[in-house]
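Only one structure is covered here, and it is reproduced in the block below.
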Amino acid sequence: VQLQASGGGLVQPGGSLRLSCAASGSIDSINFMGWYRQAPGKQREMVATITSGGSTTYAVSVKDRFTISRDNAKNTLYLQMISLKPEDTALYYCNYKRRLPGYFADYWGQGTQVTVSS
Numbered sequence: 303v304q305l306q307a308s309g310g311g312l313v314q315p316g317g318s319l320r321l322s323c324a325a326s327g328s329i330d331s332i333n334f335m336g337w338y339r340q341a342p343g344k345q346r347e348m349v350a351t352i353t354s355g356g357s358t359t360y361a362v363s364v365k366d367r368f369t370i371s372r373d374n375a376k377n378t379l380y381l382q383m384i385s386l387k388p389e390d391t392a393l394y395y396c397n398y399k400r401r402l403p404g405y406f407a408d409y410w411g412q413g414t415q416v417t418v419s420s
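When you line the sequence shown up against the numbering used here, it's residues 303 to 420, in that order.
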């Protein structure tokens, strides 16, 4: 599975961005995708996840500001971000989890930079 993320950029506090992640390769009918982020000097953290059936989870820090969605026909994942804050500044990674017997295999995109600054 290959993941290509895009849509990052520089935005002022309070602004909005929409990230996209195009998945290609061997995509399973049942899978889990999500967005993670890593700020300088910090560990990578989960931002939001979504199952192939549409069930979602969000980090507390982004709930009510970020919306994760997917287009299964296009194998594309999205993250709509509003009311952005400086603390949202990070490298955002797209993740695909393949369910295998007893574990999940993780696939990662190259990351797209989001910078929130005035």
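In this text, a Cβ means the ideal position worked out from N, Cα and C, and glycines have one as well. Note that this is a predicted model, so its numbers are computed, not measured.
Report the three-state DSSP secondary structure of residue i (helix, strand or coil).
i, result
"residue 330", "coil"
"residue 390", "helix"
"residue 399", "strand"
"residue 324", "strand"
"residue 366", "coil"
"residue 412", "coil"
"residue 313", "strand"
"residue 420", "coil"
"residue 385", "coil"
"residue 361", "coil"
"residue 356", "coil"
"residue 318", "coil"
"residue 407", "strand"
Nearest to residue i by CA position, among the options, is which residue?
i, options, result
"residue 376", "388, 326 and 308", "326"
"residue 393", "330, 341, 303 and 369", "341"
Identify the continuous beta strand (DSSP E) that holds residue i and give its terminal residues.
i, result
"residue 349", "347–353"
"residue 343", "Looking at the DSSP string, residue 343 is not in any beta strand (DSSP E), and its letter there is neither H nor E."
"residue 308", "304–308"
Exposed or buried, residue i, counting other C-beta atoms within 10 Å across all chains shown (16 or more means buried)?
i, result
"residue 406", "exposed"
"residue 358", "exposed"
"residue 362", "exposed"
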